[in-house]
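Visitor: Using the working numbering, read the sequence shown as starting at 50 and increasing by one per residue.
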Amino acid sequence: MADFREVPAPNYEYEIKKLVSAYTKAMYQISAELQRLDITDMSRASTAAALAEVVRILAELNETSTEWVTRNLPIAATDGVAATIFALGVAETIEEARNIAKFNRMNKAMVDAVIADTQSDLLAVTQNVERKVRAAVRQVTAESMRANMARGVNGRRTISRDILDGLRKKLGDSVNTGIIDAAGRRWRPEVYVDMAVRTKMREAHVEATTNEAIQRGALYGIISRHGATDACRYHEGRIIKLSPDAPGNYPTYAELRATNQIFHPNCRHVISPLRDPSKLPDSARSRAERQAELGDKAIATGKRNPQGVE
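(1) Could you tell me which uninterrupted alpha helix (DSSP H) segments, each at least 4 residues in length, are contained entirely in the segment 232-300, listed from first to last along the chain?
(2) Determine the DSSP secondary structure at Pro322, reduced to helix, strand or coil.
(3) Are there three or more Cβ pairs, one per stretch, closer than 8 Å when the segment 289-300 is compared with the segment 220-235?
(4) Pull the bridge partners of Ile229 from the DSSP assignment, please.
(5) Measuring CB atoms only, is the segment 76-84 touching the segment 94-107, in the sense that at least three cross pairs come out at less than 8 Å?
(6) Report the three-state DSSP secondary structure of Glu342 (helix, strand or coil).
(7) Please go through the same chain and pick out, in chain order, the residues whose beta-carbon is closer than 6 Å to the beta-carbon of Leu171, but skip the five residues on each side of it.
(8) How many Å lie between Tyr302 and Gly138 at the Cα?
(9) Tell me whether Asn148 is buried or exposed, calling it buried when 16 or more other Cβ atoms sit within 10 Å of its Cβ.
(10) Leaving aside the five residues before and after Ala277 along the sequence, list all residues of the same chain whose C-beta is less than 7 Å from its C-beta, in chain order.
(11) Report the residue from Leu110, Ser92, Ile88 whose alpha carbon sits nearest the alpha carbon of Ala71.
(12) Quick check: the Cα distance between Gln168 and Val242, rounded to an integer number of angstroms?
(13) Three-state secondary structure (DSSP) at Phe152?
(14) Tell me the rounded alpha-carbon separation between Glu64 and Asp128.
(15) Over the uninterrupted alpha helix (DSSP H) stretch that includes Glu64, give me the two end residues.
(16) Among Val246, Arg339, Pro296, Phe53, which one has its Cα closest to the Cα of Glu359?
(17) If distances are taken between C-alpha atoms only, which option among Lys157, Ala341, Arg234, Ile79 comes closest to Ile124?
(18) Excluding the five sequence neighbours on either side, which residues of its own chain have a C-beta within less than 6 Å of the C-beta of Arg154, listed in chain order?
(19) Measure the beta-carbon distance from Val163 to Lys67 and round it to whole angstroms, keeping in mind my assumption that it falls under 8 Å.
(20) Taking the CB atoms as reference points, tell me whether Ala185 and Leu220 lie closer together than 8 Å.
(21) Compare the beta carbon distance of Arg235 and Ala280 with 8 Å and say whether it is the shorter of the two.
(22) Straight-line CA distance for Arg251 to Ile320?
(23) How would you write the range of the alpha helix (DSSP H) that Ser114 sits in, first residue to last?
(24) Within the continuous alpha helix (DSSP H) that includes Leu3, where are the two ends?
(25) What is the rounded straight-line gap between the Cα of Gly204 and the Cα of Ala232?
(26) Quick check on the burial criterion: 16 or more other C-beta atoms within 10 angstroms. Buried or exposed for Ala108?
(27) Which of the three DSSP states, helix, strand or coil, is assigned to Lys352?
(28) Which of helix, strand or coil does DSSP assign to Gly215?
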């Protein structure tokens, strides 16, 4: 049985792109529906019909995302279990490891929780779009009516081009900002969804890896390497504890994540479990020690992406 194997990096790009494409298409359809509205004559019937179509598009999108999450999050978790089985030498190949991977009690509960959490995040996006679209339609309708009243008073035939452009921009902006995060950043729906599901897939993989490793008596892990250019580079290849009770002067996953330098949203790093850090090959152990020193220096700066730490 091998003492340590580095697990291959998971790749979910194809499936993520399919989901993001569904959101991009839905936002385009909603924008097109809003642009078809005759802003010079916003009748109750026309706005009601447009909003009904928006609701239909979003409901269909919610069904698509629910099915995607239910299918793909368990795949990421299964890959995490397989990663542990392969890294610890229980299986000779990652494919063989996938064939024997099963969820223990902790991982079953984790997968259910991550699915529910991800579905909630994605539902918040569509709910926010619907809320903003409804508010924009109400506002544009009111402003159109006021412009028409002013047109009658002033004897003008049409609403000015500047006013029309401004009203159409308000309708378009209602679709383009799907969500505002805790830091006040505005995200287009499809961009937020890409970040959210990419992050959840990686978290499911890491948590499943950790749970399986602890059950098998492996209390340590090595952070994967892929040549990161942000602050993650200071922590690639270093050893972490998978349990805070494990002996040794190593940080935990939670401690490193709290620095925001690694395991942040959109992060691609995963973990290769191991039972005994002292049995690492010399090259891996030397690299881990160098990265631990470098990573601690980076953390000491207190910055998200410190420069010149090397």
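Glycine residues also receive a C-beta, built at the ideal position from the N, C-alpha and C atoms.
Guide: So, from the listed chains and residues:
(1) Runs of the alpha helix (DSSP H) spanning 4 or more residues and lying entirely within the segment 232-300 occur at 238-264, in chain order.
(2) Residue state, collapsed to three classes: strand.
(3) Taking 8 Å as the limit for Cβ pairs, the verdict is that the segment 220-235 does not touch the segment 289-300.
(4) Ile229 is bridged to Arg235.
(5) The segment 76-84 is in contact with the segment 94-107.
(6) Reduced to three states, the DSSP call for Glu342 is helix.
(7) Apart from sequence neighbours up to five positions away, the residues of its chain that approach Leu171 with a beta-carbon distance below 6 Å are Ser114, ordered along the chain.
(8) So the alpha carbons of these two residues sit roughly 22 Å apart.
(9) Asn148 should be labelled exposed.
(10) For Ala277, where only same-chain residues beyond five positions count, the Cβ hits under 7 Å are Glu285.
(11) Closest by alpha carbon: Leu110.
(12) When only Cα atoms are considered, Gln168 and Val242 end up about 11 Å apart.
(13) Coil, per DSSP.
(14) Going from the Cα of Glu64 to the Cα of Asp128 covers about 15 Å.
(15) The continuous alpha helix (DSSP H) containing Glu64 extends over residues 62-84.
(16) Checking every option, the nearest Cα to that of Glu359 belongs to Arg339.
(17) Residue nearest to Ile124 within the set Lys157, Ala341, Arg234, Ile79 is Lys157 (criterion: CA-CA distance).
(18) Its chain contains no residue whose beta carbon lies nearer than 6 Å to that of Arg154 once the 5 sequence neighbours on both sides are disregarded.
(19) Incorrect: roughly 19 Å between the Cβ atoms, too far for contact.
(20) Judged by their CB atoms, Ala185 and Leu220 are nearer to each other than the 8 Å cut-off.
(21) Contact: no.
(22) Whole-angstrom Cα-Cα distance: 10 Å.
(23) Here the alpha helix (DSSP H) through Ser114 covers 93-136.
(24) This structure cannot settle anything about residue 3, because the visible part of the chain is limited to 50 through 359.
(25) Since pLDDT at Gly204 reaches only 45, below the 50 mark, its modelled position is unreliable, and the value read off the structure follows with that caveat. Going by C-alpha positions, Gly204 is about 48 Å away from Ala232.
(26) Result: exposed.
(27) Three-state DSSP puts Lys352 in coil, outside helix and strand.
(28) Here Gly215 sits in helix by DSSP.
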